[in-house]
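Residue numbering for the sequence shown follows our numbering, beginning at 104 and increasing consecutively.
Down below is the structure, laid out as structure tokens.
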Amino acid sequence: MVSVDAAKEIIRTNCRTLKPVDMATANAGGHVLAATPAAPFDIPSFLQSSMDGYAFRFADWQQGRSLRVAGESAAGNSRHKTLGTMEACRIFTGAPLPDGADTVVMQEKA
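Here is the structure:
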């Protein structure tokens, strides 16, 4: 059996770092990236919900009172919403978070 340190030394001695190669994405199967990719801008360009549920301000919920559901936000809807004090918004996956919302609770947990 070979120790971990010995195995690392075998790898260091017998392997070499390959130079990066440019290629079309369609031909990149079986290859790895030489650098971490980064998009030049955020997609989507807004904060969006990753689940169906209710969006609200956590500080409002902490007060221990019920929140009023004041509308909904669906994916593809361009009308932007703003939450009032003690309000929640029904929200769907992919929908923009209303202004003021910092929390989404899954519909199964609401």
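We put the CB at the ideal spot given by N, CA and C, even for glycine.
query: Out of 144, 107, 160 and 199, state which residue places its alpha-carbon closest to the alpha-carbon of residue 154.; result: 199
query: At a cut of 8 Å, does the segment 185–193 reach the segment 167–176 through at least three beta carbon pairs?; result: yes
query: Can the beta-carbon of residue 192 be found closer than 8 Å to that of residue 211?; result: no
query: As a quick exercise: from 104, 122 and 160, pick the residue whose alpha carbon is nearest that of residue 137.; result: 122
query: Tell me the residue span of the beta strand (DSSP E) that contains residue 173.; result: 171–176
query: Counting only the same chain and skipping the five closest in sequence on each side, list residues whose C-beta sits under 8 Å from that of residue 113.; result: 105
query: Determine, using beta carbons only, whether residue 178 and residue 206 come nearer to each other than 8 Å.; result: no
query: Any C-beta of chain B sitting closer than 8 Å to the C-beta of residue 198?; result: No chain B appears in the structure shown, which is made up of a single protein chain.
query: Any idea which residues DSSP pairs residue 192 with across the strands?; result: 158
query: Please report the straight-line C-alpha distance between residue 134 and residue 159, rounded to a whole angstrom.; result: 44 Å
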